[in-house]
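Peer 1:
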Amino acid sequence: AFGMALHYVEQERREGLAQAVGMLEAHISKPFVLLLGDIYFAFKDLVPLIEHFEFHRASAAIAVKDESDPALVRRNFSVEMNDTGQIRRVVEKPTEVASLWKGCGLYLFGPTIFDAIRRTPRSSLRNEYELTDAIQTLIDDGRPVYGTPVVDKDVNVTTPDDLIACNRHALRAMGKPHLVGENCQVAQGTTLHETVLGDGVCIVQPCRLEGCVVLPGTVIDSAMAQRDRVLYPASAPK
13 AFGMALHYVE
23 QERREGLAQA
33 VGMLEAHISK
43 PFVLLLGDIY
53 FAFKDLVPLI
63 EHFEFHRASA
73 AIAVKDESDP
83 ALVRRNFSVE
93 MNDTGQIRRV
103 VEKPTEVASL
113 WKGCGLYLFG
123 PTIFDAIRRT
133 PRSSLRNEYE
143 LTDAIQTLID
153 DGRPVYGTPV
163 VDKDVNVTTP
173 DDLIACNRHA
183 LRAMGKPHLV
193 GENCQVAQGT
203 TLHETVLGDG
213 VCIVQPCRLE
223 GCVVLPGTVI
233 DSAMAQRDRV
243 LYPASAPK
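Numbering (the numbering used here), first residue to last: 13 to 250.
Pasting the structure below:
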């Protein structure tokens, strides 16, 4: 539908992100972009990331974000870099936060990352092959690795609250109060505020949904109203 062919490489054993990336070596011979699939990104433009990579003839360029909350850095990985953006050290889920620059799970790598992955041992943190450790191997080898602040917002989507927050952020960015998927049936009188309806949703009775994500094929009826009153608050039409 989009004029491209896709090839999937499956990681059969969960042994770390670096191992998963290493499995791509036979299929990649040029620089490539890696985006972690469980992270919601909001950014204006990725061109600065590419320009940074090319200008410095880097082995890697990493999207970073300047955080104010050290807890958010501890949940991801910290990035220590100089005034030009060259990275000196990266630390996966640091206990002590030495830098408020946070790695965001969006990378541009050259093929040298595969050699670094082959020489990356399992981590003591999770007994896995960590991509952050492979990046540190590049740095220790003297390879240029740079950080580029291109990400405005990133959320590691782990809980239902994360999913809702990402959808609400996207709606605000688009200037829309709600989005309704294809083939939905919505009862007349229903109010949708900062709410997303997936394809094929059926709302049998009028109600008010605020800050909700309704998954595809869901039927909201009086039985659901009794089970989950957040969908039918007291102020909602009966």
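Beta carbons are placed, not taken as given, at the ideal position from N, Cα and C, and that holds for glycine. The structure presented is a predicted model; accordingly, all values stated were derived computationally and were not measured.
In this structure, how does DSSP classify R241 when only helix, strand and coil are distinguished?
Peer 2: Numbered from 1 along the sequence shown, position 229 holds the residue referred to as residue 241. Its pLDDT being 45, under 50, R241 is placed unreliably in this model, and the coordinates cannot settle the point.
Peer 1: Check N179 in the structure and name its three-state DSSP category.
Peer 2: Looking up residue 179 in the sequence shown gives position 167. Correct three-state label for N179: helix.
Peer 1: If you compare alpha carbons, which of L36, N179, V163 is closest to H19?
Peer 2: Position 7 of the sequence shown, counted from the first residue, corresponds to residue 19. Measuring from the Cα of H19, the nearest candidate turns out to be L36.
Peer 1: Can you name the residues that DSSP bridges to F278?
Peer 2: Residue 278 lies beyond the stretch modelled for the chain, which goes from 13 to 250, so this question has no answer here.
Peer 1: What is the rounded straight-line gap between the Cα of A248 and the Cα of V225?
Peer 2: Locating residue 248 in the sequence shown gives position 236, counting from the first residue. Locating residue 225 in the sequence shown gives position 213, counting from the first residue. Because the pLDDT at A248 is just 42, under 50, the model does not fix this residue reliably, and the value given afterwards should be weighed accordingly. Distance between the alpha carbons of A248 and V225: 17 Å.
Peer 1: In chain order, which continuous runs of the alpha helix (DSSP H) of length 4 or greater are located wholly inside the segment 95–134?
Peer 2: The segment 95–134 contains these whole alpha helix (DSSP H) runs: 124–130.
Peer 1: Pairs of beta-carbons, one from the segment 178–198 and one from the segment 75–85, closer than 8 Å: are there three or more?
Peer 2: Contact between the segment 178–198 and the segment 75–85 is absent, because fewer than three Cβ pairs lie under 8 Å.
Peer 1: I'd like to know whether the C-beta atoms of L61 and V162 end up nearer to each other than 8 Å.
Peer 2: By one-based count along the sequence shown, residue 61 stands at place 49. By one-based count along the sequence shown, residue 162 stands at place 150. Yes.
Peer 1: DSSP on F14, reduced to helix/strand/coil?
Peer 2: Numbered from 1 along the sequence shown, position 2 holds the residue referred to as residue 14. Three-state result, F14: coil.
Peer 1: Report yes or no: do the segment 97–108 and the segment 42–55 share at least 3 C-beta pairs separated by less than 8 Å?
Peer 2: Because the criterion of three Cβ pairs below 8 Å is not met, the segment 97–108 and the segment 42–55 do not touch.
Peer 1: Under the assumption that I125 contacts V59 (Cβ atoms under 8 Å), give the Cβ distance between them as a whole number of angstroms.
Peer 2: Within the sequence shown, the letter at position 113 stands for residue 125. Within the sequence shown, the letter at position 47 stands for residue 59. Not a contact, Cβ separation roughly 21 Å.
Peer 1: Output yes or no for whether 8 Å exceeds the beta carbon distance between A30 and L120.
Peer 2: Residue numbering aside, residue 30 sits at position 18 when the sequence shown is read from its first letter. Residue numbering aside, residue 120 sits at position 108 when the sequence shown is read from its first letter. Against a cut-off of 8 Å, the Cβ pair of L120 and A30 comes out as no contact.
Peer 1: Counting C-beta neighbours from all protein chains within 10 Å, is the total for M16 16 or more, i.e. buried, or is it exposed?
Peer 2: In the sequence shown, residue 16 corresponds to position 4, counting from 1. The residue in question, M16, is exposed, as its Cβ has fewer than 16 Cβ neighbours within 10 Å.
Peer 1: Among G154, N88, F65, which residue has its Cα nearest to the Cα of V109?
Peer 2: Position 97 of the sequence shown, counted from the first residue, corresponds to residue 109. Ranking G154, N88, F65 by Cα distance to V109 puts N88 first.
Peer 1: Between the Cα of L48 and those of E24, G212, N168, spot the shortest distance and give me the residue it belongs to.
Peer 2: Your numbering for residue 48 matches position 36 in the sequence shown. The candidate whose alpha carbon is nearest that of L48 is N168.
Peer 1: Near F44, what residues of its chain come up, given a Cβ to Cβ distance below 7 Å and the 5 sequence neighbours on each side ignored?
Peer 2: As a working mapping, residue 44 is identified with position 32 in the sequence shown. Counting only Cβ-Cβ distances below 7 Å, and skipping sequence neighbours, we find F121.
Peer 1: Does DSSP classify K250 as helix, strand or coil?
Peer 2: As a working note, residue 250 is residue 238 in the sequence shown. Because K250 carries a pLDDT of 35, less than 50, the predicted location of this residue cannot be relied on, and the following value inherits that uncertainty. K250 falls in the coil class under three-state DSSP.
Peer 1: So, under 8 Å CB-CB, H68 and Y141 are touching, yes? Tell me the CB distance rounded to an integer number of Å.
Peer 2: For this step, residue 68 is matched to residue 56 along the sequence shown. For this step, residue 141 is matched to residue 129 along the sequence shown. Not quite, the Cβ-Cβ distance comes to about 26 Å (not below 8 Å), so this is no contact.
Peer 1: Quick one: give me the first and last residue of the beta strand (DSSP E) that L204 is part of.
Peer 2: Position 192 of the sequence shown, counted from the start, is the residue given in the question as residue 204. Note, L204: beta strand (DSSP E), 203–205.
Peer 1: If A70 and P156 are in contact, beta carbons under 8 Å, what's the gap, nearest whole angstrom?
Peer 2: Start at 1 with the first residue of the sequence shown, and residue 70 comes out as number 58. Start at 1 with the first residue of the sequence shown, and residue 156 comes out as number 144. Rounded, the Cβ-Cβ distance is 5 Å, consistent with contact.
Peer 1: DSSP state of D152, grouped into three classes?
Peer 2: As a position in the sequence shown, residue 152 is number 140, starting the count at 1. Looking at D152 - three-state DSSP - the assignment turns out to be helix.
Peer 1: Are the CB atoms of V91 and K105 within a distance shorter than 8 Å?
Peer 2: Numbered from 1 along the sequence shown, position 93 holds the residue referred to as residue 105. Numbered from 1 along the sequence shown, position 79 holds the residue referred to as residue 91. No.
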